[in-house]
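Q: Under our numbering, the first residue of the sequence shown carries the number 16, and numbering increases by one thereafter.
Before I ask anything, let me first share the structure, which is written out below as structure tokens.
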Amino acid sequence: MLLREAIGDPMLRKYSVVILDEAHERTIHTDVLFGVVKAAQKKRKELGKLPLKVVIMSATMDVDQFSQYFNGAPVLYLEGRQHPIQIFYTKQPQSDYLQAALVSVFQIHQEATFSHDILVFLTGQEEIEAMTKTCRDIAKHLPDGCPQMMVMPLYASLPYSQQLRVFQAAPKGYRKVILSTNIAETSITIAGIKYVVDTGMVKAKKYNPEIGLEVLAVQRVSKAQAWQRTGRAGREDSGICYRLYTEDEFEKFDKMTIPEIQRCNLASVMLQLLALRIPDVLTFDFMSKPSPDAVQAAIEELDLLGAVERKEDQLVLTPLGRKMAAFPLEPKFSKTILLSPKFHCTEEILTIVSLLSVDSVLYNPPARRDEVQSVRRKFISSEGDHLTLLNVYRAFKNVSGNKEWCKENFVNSRNMMLVSDVRAQLRDICIKWNFTCTDLQLAVSEESKQESSLPRTVSSQPVPGKGDTECLWGPVEMDSHPYVVPRCDIVPQR
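Here it is as structure tokens:
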């Protein structure tokens with residue numbers, strides 16, 4: 016929100032103090048915000064205006080780096096209460112961290128006091144659901160006298176009601192085993208956790224500017240992340256962390272997590288900086304400089320979308336680019352909305368873009384896969400996932416967001432409500448720009464097939480050694496999940 020305000024007021028005149036919390040997370044937007052706030056401080060000082068005070072807060076950030084970036088800013092330390100935690104490493108590297116985690120869980124469960132719970136860090140939904148099923152199956156055959164086990168998954172796309180279960184105390188005679196992604200590292204605190212099992216792995220975004228692809232890949236955590244995970248065991252009492260890697264391996268981990276600005280697509284960042292009228296985006300004062308290749312790839316994408324041009328050897332936004340910058344979206348989504356009035360489908364495009372801008376609204380429990388497929392059949396469109404998701408949203412609105420309907424249709428009601436909020440925000444922006452928000456029951460018409468400007472809303476790159484094969488720009492998650500419906504063929508156009 017502050018970034019949006021800075022577009023109209025780069026000096027942030029409304030504010031005398033800006034507090035930036037959880038600074039260690041280093042998202043793309045926070046890194047841009049650091050630079051914008053620093054520039055506002057400098058400009059105010061040069062013009063003799065009221066100084067802008069900036070407070071940076073975090074539990075685990077690289078203090079020296081932040082202090083140096085903000086011109087030697089003073090550092091204040093506030094001691095927090097942390098109970099002692101024992102750390103155990105494996106003696107040998109583990110080739111299968113999932114198997115090692117499974118063995119660790121049941122060793123702890125059979126040997127430790129059952130009133131203490133276990134938190135296991137895994138990389139994503141697929142791993143978590145698979146291990147949840149395995150743990151529950153094994154738990155049915157535990158020896159007499161062993162406490163019962165309550166296995167609970169925790170990940171972002173899990174329905175909110177099921178996420179809340181992890182905060183409830185286990186019944187007498189039961190132990191909670193929580194299998195979580197990295198959302199349990201810093202975002203939440205779960206009472207009763209004494210044992211942490213850290214696989215040392217995380218799923219993170221990586222961007223390849225050469226082919227324009229952003230993927231989610233499994234990789235090692237940083238030392239900072241490992242310490243965050245360890246800290247989950249000592250919130251209420253002394254705890255134990257089992258690290259499923261050797262101490263030598265840990266010493267080779269990166270000290271800090273690589274910030275998103277150095278591993279993500281920068282097209283939206285460059286669009287924001289140009290909207291802020293930064294004189295030279297190539298020399299913007301980032302705390303951690305992105306690679307020149309990534310910056311160049313972002314500029315090329317914006318050029319492909321018709322968002323930028325050169326005037327007097329300086330990169331500036333085109334009129335279209337300035338409109339695109341009004342939307343808090345990836346540039347390709349912004350242009351899609353801007354083109355939609357031409358095809359009389361703005362309402363539908365707003366819905367689809369909103370659906371693509373939040374975490375998945377579909378919940379896919381592996382144990383009920385056949386039931387999920389049967390229920391989803393009524394939503395499926397032969398035109399692909401986008402129209403299938405549109406059908407789901409329309410059905411959701413027809414029942415006024417009924418939570419029981421969401422449960423029956425394996426739809427995440429919380430994420431769907433977020434889609435509604437995002438859509439309302441985007442629609443307000445359209446109205447502000449005097450767009451006619453037309454409604455159309457979407458169909459692929461001959462007119463739209465012949466329209467030459469639509470391919471420019473999606474960036475692509477030739478695949479080396481593959482002739483006319485094109486690689487579309489878009490996020491790719493490296494796992495075995497099937498798509499909702501089969502993808503359509505793509506015919507390259509020259």
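Ideal Cβ positions, reconstructed from N, Cα and C, are used throughout, including at glycine.
Is the segment 370-377 touching the segment 311-327 in the sense that three or more CB pairs, one from each, lie closer than 8 angstroms?
A: Contact between the segment 311-327 and the segment 370-377 is absent, because fewer than three Cβ pairs lie under 8 angstroms.
Q: Based on the DSSP output, what are the partners of I34 in its beta bridges?
A: In the DSSP output, where bridge partners are listed per residue, I34 has V70.
Q: Looking only at its chain, what residues have a beta carbon closer than 6 angstroms to the beta carbon of A309, apart from the 5 residues adjacent to it on each side?
A: Around A309: P224 and L281.
Q: Spell out a yes or no on whether the segment 259-274 and the segment 92-104 are touching, meaning 3 or more CB-CB pairs, one atom from each, closer than 8 angstroms.
A: The segment 259-274 is in contact with the segment 92-104.
Q: Between E266, G227 and T361, which has its C-alpha nearest T453's C-alpha?
A: Closest option to T453, Cα to Cα, is T361.
Q: Give me, in chain order, the residues of the same chain whose beta-carbon lies closer than 6 angstroms to that of V70; leave out the 5 immediate sequence neighbours on both sides.
A: Same-chain partners within the cutoff: I34.
Q: Would you kindly check if the distance between the Cβ of D213 and the Cβ of A239 is under 8 angstroms?
A: Their beta carbons are not under 8 angstroms apart, which means A239 does not touch D213 by this criterion.
Q: Just the Cα atoms here: how many angstroms apart are P66 and P305?
A: Straight-line Cα distance between these residues: approximately 29 angstroms.
Q: Starting from the Cα of G215, find the closest Cα among L113, G227 and P334 and give me that residue.
A: The candidate whose alpha carbon is nearest that of G215 is L113.
Q: Excluding the 5 residues preceding and the 5 following A54 in the sequence, name in chain order all residues of the same chain whose CB lies nearer than 6 angstroms to its CB.
A: Nothing listed; no residue qualifies.
Q: Three or more C-beta pairs closer than 8 angstroms, one from the segment 316-328 and one from the segment 417-437: is that the case here?
A: Segments in contact, no.
Q: Taking the C-alpha atoms as reference points, what is the distance between V434 and S369?
A: Cα to Cα, the separation comes out at about 5 angstroms.
Q: Going by the DSSP bridge assignment, what does R383 pair with across the sheet?
A: In the DSSP output, where bridge partners are listed per residue, R383 has none listed.
Q: In three-state DSSP terms, what is V236?
A: In the structure shown, V236 sits in coil (DSSP, three-state: anything other than H, G, I, E or B).
Q: Note down the Cα distance separating S87 from M302, rounded to an integer number of angstroms.
A: Checking the sequence, you will find Gly at residue 87 rather than Ser. Straight-line Cα distance between these residues: approximately 13 angstroms.
Q: Just verifying my parser: in three-state terms, what is the DSSP assignment at A185?
A: DSSP places A185 in coil when its eight states are reduced to three.
Q: For my contact list, I43 and I276 are in at a C-beta cut-off of 8 angstroms; report their separation, rounded to the angstrom.
A: That pair is a contact at about 6 angstroms.
Q: So what does DSSP say about K191, is it helix, strand or coil?
A: K191 falls in the strand class under three-state DSSP.
Q: With a Cβ-Cβ cutoff of 8 angstroms, do A382 and R337 count as a contact?
A: No.
Q: Excluding the 5 residues preceding and the 5 following G207 in the sequence, name in chain order all residues of the same chain whose CB lies nearer than 6 angstroms to its CB.
A: Only D132 meet the Cβ criterion.
Q: Measure the alpha-carbon distance for A184 versus P162 and round it to whole angstroms.
A: Each residue's Cα considered, the two are about 15 angstroms apart.
Q: How many whole angstroms separate the CB atoms of R292 and K220, which I take to be in contact at a CB cut-off of 8 angstroms?
A: That belief does not hold up - the Cβ atoms of R292 and K220 are roughly 28 angstroms apart, past 8 angstroms.
Q: Terminal residues of the continuous alpha helix (DSSP H) containing G23?
A: Counting along the chain, the alpha helix (DSSP H) containing G23 begins and ends at L17 to G23.
Q: With distances taken Cα to Cα, identify the nearest neighbour of L91 among M72, F425 and Q177.
A: With distances taken between Cα atoms, L91 lies closest to M72.
Q: With H, G and I counted as helix, E and B as strand and the rest as coil, what does DSSP make of P356?
A: Looking at P356 - three-state DSSP - the assignment turns out to be helix.
Q: If you draw a straight line from the C-alpha of S467 to the C-alpha of T451, how long is it?
A: Per-residue confidence for S467 stands at a pLDDT of 43, beneath the threshold of 50, marking its modelled position as unreliable; no derived number is given.
Q: With DSSP run on the structure shown, which of helix, strand or coil describes E229?
A: Three-state result, E229: strand.
Q: From the DSSP output, which residues share a beta bridge with I367?
A: Its beta-bridge partners do not exist; DSSP assigns none.
Q: Do you know offhand how far R297's Cα is from R250's?
A: Checking the displayed sequence, the identity of residue 297 turns out to be Leu instead of Arg. Their Cα atoms are separated by approximately 44 angstroms.
Q: Below 8 angstroms, how does it come out for the segment 23-34 and the segment 265-276: are there three or more Cβ pairs, yes or no?
A: Segments in contact, no.
Q: Cα-Cα, which of V166, V135 and G188 is closest to D159?
A: Per the Cα distances, G188.
Q: Closest by CA to R235, which one among I205, T138 and Y210?
A: That would be T138, whose Cα lies nearest to the Cα of R235.
Q: Under the DSSP definition of a beta bridge, which residues are partnered with E324?
A: Answer is V331, bridged to E324.
Q: Quick one: residues in its chain with C-beta nearer than 7 angstroms to the C-beta of P168, no 5 flanking neighbours on either side, listed in chain order?
A: For P168, where only same-chain residues beyond five positions count, the Cβ hits under 7 angstroms are I143, E144, T147 and L194.
Q: Below 8 angstroms between beta carbons: does that hold for L365 and R442?
A: In this structure, R442 lies closer than 8 angstroms to L365 by Cβ.
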